[in-house]
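Position 265 of the sequence shown, counting from 1, maps to 265 under the UniProt record's numbering, and the rest follow consecutively.
Ideal Cβ positions, reconstructed from N, Cα and C, are used throughout, including at glycine.
Every value quoted in this text rests on a predicted model; they were computed, and no experiment measured them.
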Amino acid sequence: MKNEKYNITGMSCSACSARIEKTLQKLPGISTITVNLLTNSMQVSYDETILSSAEIIQAVIKAGYGASLPNATKTEKNTLDTSAETTTMKHNLIGSVLFLLPLMYIAMHTMWYHLFGIPVPSIIEQLFDGSQNALTYAYTQFLLLIPIMLYNKNYYRNGLRNLWHASPNMDSLVALGSLASTIFGIFAIYRIGIGLGTGNLPLVQTYSTNLYFESAGMIVTLVSIGKYLETLAKNKTGTAIKRLMDLSPQQATILRQNKAITIAIDKLQVGDLLQIKPGERIPADGIIQQGITTIDESALTGESMPVEKQVGDTVTSATLNKTGTIHVTAQRVGTDTTLQQIIQLMDAATTSKAPIAKIADTIAFYFVPIVIGIALIATAAWYFIMDATIEFSFSIGISILVISCPCALGLATPVAIMVGMGKGAESGILIKSGEALEIAHHVDTIVLDKTGTITTGTPTITDILPYSLDQNRLLSLAVGMEIGSEHPLGEAIRSYGKHHKITPTTVDTMKAIFGKGIEATIQDRIYYAGNTTLLQEKHLDLTSILPKIHQLSDEGKTPLIFASATQILGIIAVADPPKQTSESAINALKKLGLSIIMLTGDNQRTANALKKQLKIPRVIAEVLPQDKETHIAKLQSEGHVVAMIGDGINDAPALARADLGIALSAGTDIAMDSADAILIKNDLNDAVNVIRLSKCVLRNIKENLFWAFIYNIIGIPLAAGLLYPLCGIKLNPMIAAAAMSCSSICVVLNALRLRHFNTEHKL
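Below is the structure:
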């Protein structure tokens, strides 16, 4: 299967996106399609042996829209195009308003005089008042309307084209309402002419007061105002991605033959030696070869405190070098850098849809043709059944068409998802899809890997207990014996010795005994380092130290016993300590009402020690790597919605099996590929924030959908004049257009409230 993203043009509401999806689903070879109204994009997965991108584009065009493959290297150009589009909207809007103001004044100056006492200049009275000036009055309004229609020609072009393709959308409703008003006004001009020619002044009076030219102009202008404000608001929803894009430096300084050369970022290659001075952003992922510095990683992790870095440490693209000049060997460049991968993940996530969005899409697909039907039926009912005038009946139909626009429905879900994911990215939380964001809301069980997730993943010395040797000699012996060991516990001892500048004892020979420890020869004497099994096999008496061994084991520590051939020399205990934030995160997950399970391959005693220390409700120990997925599946079969949090290769199957897989970025690439969300800061508290963010976004989407639905539920009956016989209330087409625009703006502004989501919230 091939996955491709397309730019889509001509969409104006969720009916458009639903139409495109249904059209493409009929093509052979299509697997999945997601059309995003907010980003004007489409993600398609298809069998390239059956279907081509050209055929997909052609199918979209036949449906009445435009489609093209984006150029991944033209991010800056796309940004400029968006800016130019906004500027064009602004210019068209200004032009529309400049012609609308005199149109409205000429059409309504008499009403304003009677209602508000606003005086009318004598020249206006001489030109437009009275039956004798009725034709001038009507024709002037028509001339003022023409430029407004030209400024807003896209509504008519797109709306009528989609109507022709049997896929009416928001533009179709606006175009029908405005054109119907215009056509009726032109008809009125002819009737006025006939009335003047025959001396039928009542006919002149009737049609000169029911022209609707001002309604035709006001409808498209108000919708344009709403669209412009909506665009300004929507532009704010993508600030997280734009901010990430702006972080990438455009140039890099590389060292060749001891000379610093500045090159464009796209010319950078793996293996290049980079020179990065204080105040410069790092252009690629790599390893420090020279220099000491502090790095500000807040742009990617949200962590405000700079991190100290030295030779051998890794650095990440787009982070800021603060204090010292460093030389870095580039390991990942271009689209392979962490920054670009985050941008791609964010882009894919905001293009995806949450399952809840399908409700709005399905409704919108059928909604527009139903509305057109309602408008026709209501118009006919008022005219033929209620004996209303043609003007009254006509205004009913126009009001229904204009107020029923499903734009708010189409925006309800994608704006909330984009803002929510953007806020998560700013805080170091990457959620890969809208579906994952929604699933997080339903999670009731959290399964935690132990090593590297709850714990630091790096064993450290916790206790040094000398018996027959003093502490320094015991440590010297331990470091010397572990120099050649590849075991993680040996690494902990070597790191301790390096940090405390312990001089290692010279070891003549060393032999690893699998699963038990080490046997070494030092100056023709034999020494051992290992567990109780090894020493018991060597016939050493452990009676005096067994209580301490059991105590250390109960505390979750691994005791290493050091001995000569005849006596116990000492004990060094090593443990993988929990992260500082693990206890607070587990408590926060409990307060969210989630069941928490720790899944580990460690023995039951070590697992129980951590369970007691962090108050973990349930622990499953001694789990083989290949069995982790089985435990997840078992929980799912019991009806639980399960989130798995892990970081290792052995966690990948479980992460993929879980309803929601959450990986730590310090883990393996395989684990991150298998997960639905990635925690950049490797902090379990961010797993809490994934759940909280999901709940906030879903609540926001439901609010948006509620207001979009309730608006139409109330608006359509009002526009249809159901209350008119009871209390004389009827929506004017201009008021309907204003209400429709306000609904879309309100939905976007409500979604923007998610920008205030606080990841530091204490439960």
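What's the C-alpha gap between residue i and residue j?
i: glycine 291; j: alanine 330; result: 15 Å
i: aspartate 541; j: proline 547; result: 13 Å
i: asparagine 321; j: leucine 268; result: 19 Å
i: residue 778; j: alanine 675; result: Since the first residue of the chain shown is 1 and the last is 763, residue 778 is not available in this structure.
i: cysteine 746; j: glutamate 703; result: 11 Å
i: glutamate 629; j: isoleucine 513; result: 31 Å
i: glycine 428; j: glycine 452; result: 18 Å
i: valine 44; j: proline 28; result: 13 Å
i: cysteine 696; j: leucine 754; result: 8 Å
i: leucine 80; j: asparagine 200; result: Confidence at leucine 80 is low in this model, with a pLDDT of 45, below 50, so its placement is unreliable and the value that follows should be read with caution. Roughly 58 Å separates the two Cα atoms.
i: isoleucine 50; j: serine 31; result: 11 Å
i: methionine 644; j: asparagine 154; result: 49 Å
i: alanine 412; j: cysteine 13; result: 11 Å
i: serine 96; j: methionine 149; result: 8 Å
i: glycine 226; j: glycine 130; result: 36 Å
i: leucine 465; j: leucine 274; result: 47 Å
i: lysine 259; j: isoleucine 276; result: 14 Å
i: threonine 75; j: asparagine 3; result: Reliability of the predicted coordinates at threonine 75 is poor, the pLDDT of 42 falling under 50, and the value obtained from them is presented with this limitation in mind. So the alpha carbons of these two residues sit roughly 19 Å apart.
i: isoleucine 469; j: glutamate 583; result: Reading off the sequence shown, one finds leucine at residue 469, where the question assumed isoleucine. In a straight line, the C-alpha of leucine 469 is about 37 Å away from that of glutamate 583.
i: leucine 203; j: histidine 109; result: 21 Å
i: isoleucine 701; j: threonine 325; result: 47 Å
i: glutamine 126; j: alanine 134; result: 11 Å
i: leucine 376; j: isoleucine 370; result: 10 Å
i: glutamine 536; j: glutamate 491; result: 25 Å
i: glycine 639; j: serine 495; result: 46 Å
i: leucine 763; j: alanine 588; result: Below a pLDDT of 50, predicted positions are generally treated as unreliable, and leucine 763, at 42, falls in that range; no measurement from the model is reported.
i: proline 559; j: leucine 614; result: 21 Å
Who are the Cβ neighbours of residue i in its own chain at under 8 Å, not counting the five residues just before and after it?
i: valine 60; result: Tyr6, Ile8, Ile20, Thr23, Leu24, Met42, Gly66 and Ala67
i: proline 504; result: Ser476, Val479, Gly480, Ile483 and Gly497
i: asparagine 603; result: Ala621 and Glu622
i: alanine 739; result: Ile403, Tyr711, Gly715 and Leu731
Considering only heavy atoms of the ligand FMN, does any lie closer than 7 Å to the CB of residue i?
i: leucine 201; result: No copy of the ligand FMN appears in this structure; indeed no ligand is present at all.
Starting from the C-beta of residue i, find all residues in its chain whose C-beta is less than 6 Å away, skip the five residues before and the five after it, and write them out in chain order.
i: aspartate 659; result: Ile439, Val641 and Val642
i: leucine 93; result: Ser224 and Tyr228
i: aspartate 683; result: Thr581
i: residue 773; result: Lying before the first or after the last residue shown, residue 773 is absent from the chain, which here runs from 1 to 763.
i: alanine 72; result: Here the model assigns alanine 72 a pLDDT of 42, short of 50, so the residue's position is not dependable, and the following value carries that caveat. Correct list: empty, nothing qualifies.
i: methionine 104; result: Glu214
Rounded to the nearest angstrom, how far is the Cβ of residue i from that of residue j, given a contact under 8 Å?
i: glycine 570; j: leucine 698; result: With 8 Å as the limit, glycine 570 and leucine 698 do not qualify as a contact, their Cβ atoms being about 57 Å apart.
i: threonine 462; j: alanine 575; result: 5 Å
i: isoleucine 194; j: glutamine 141; result: The Cβ separation is near 18 Å, so there is no contact.
i: valine 328; j: isoleucine 265; result: Their Cβ separation, rounded to whole angstroms, is 14 Å, which puts valine 328 and isoleucine 265 out of contact at 8 Å.
i: leucine 599; j: isoleucine 620; result: 5 Å
i: valine 443; j: isoleucine 691; result: 6 Å
i: isoleucine 680; j: leucine 430; result: 7 Å
i: asparagine 158; j: glycine 10; result: 5 Å
i: leucine 635; j: isoleucine 446; result: About 10 Å; that fails the 8 Å criterion.
i: glutamate 308; j: threonine 319; result: Going by Cβ atoms, the distance from glutamate 308 to threonine 319 rounds to 13 Å, so no, they are not a contact pair.
i: leucine 173; j: valine 368; result: 7 Å
May I ask you to report which of helix, strand or coil DSSP gives residue i?
i: phenylalanine 562; result: strand
i: glutamine 344; result: helix
i: isoleucine 662; result: strand
i: glutamine 269; result: coil
i: alanine 330; result: strand
i: lysine 511; result: strand
i: isoleucine 680; result: coil
i: leucine 723; result: coil
i: glutamate 583; result: helix
i: lysine 498; result: helix
i: serine 744; result: helix
i: lysine 762; result: In this prediction, lysine 762 scores a pLDDT of 45, lower than 50, which makes its location untrustworthy; the coordinate-derived value is nonetheless stated afterwards. In this structure, lysine 762 counts as coil in the three-state DSSP scheme.
i: glycine 715; result: helix
i: aspartate 387; result: coil
If I measure Cβ to Cβ from residue i and keep anything under 7 Å in the same chain, skipping five residues before and after, which residues do I get?
i: threonine 337; result: Ala284, Asp285 and Ser317
i: glycine 177; result: Ile219, Ile398, Leu401, Val402 and Pro733
Would the segment 530 to 538 count as touching the segment 505 to 519 if we require 3 or more Cβ pairs under 8 Å? Contact holds: three or more Cβ-Cβ distances are below 8 Å.
Just checking, does the segment 180 to 197 make contact with the segment 205 to 218 on the three C-beta pairs under 8 Å criterion? In this structure the segment 180 to 197 lies against the segment 205 to 218, because at least three pairs of beta carbons, one per stretch, are closer than 8 Å.
Meets three-Cβ-pair contact criterion under 8 Å: the segment 415 to 425 and the segment 556 to 573: With a cut-off of 8 Å on Cβ pairs, the segment 415 to 425 is not in contact with the segment 556 to 573, counting fewer than three such pairs.
I'd like to know if the segment 607 to 620 and the segment 551 to 561 are in contact, where contact means that at least 3 CB-CB pairs between them fall below 8 Å. Yes: the two stretches touch, three or more of their Cβ pairs being nearer than 8 Å.
With a threshold of 8 Å, are at least 3 pairs of Cβ atoms found where one atom belongs to the segment 379 to 394 and the other to the segment 160 to 170? Per the Cβ contact rule, the segment 379 to 394 is not in contact with the segment 160 to 170 (fewer than 3 Cβ pairs under 8 Å).
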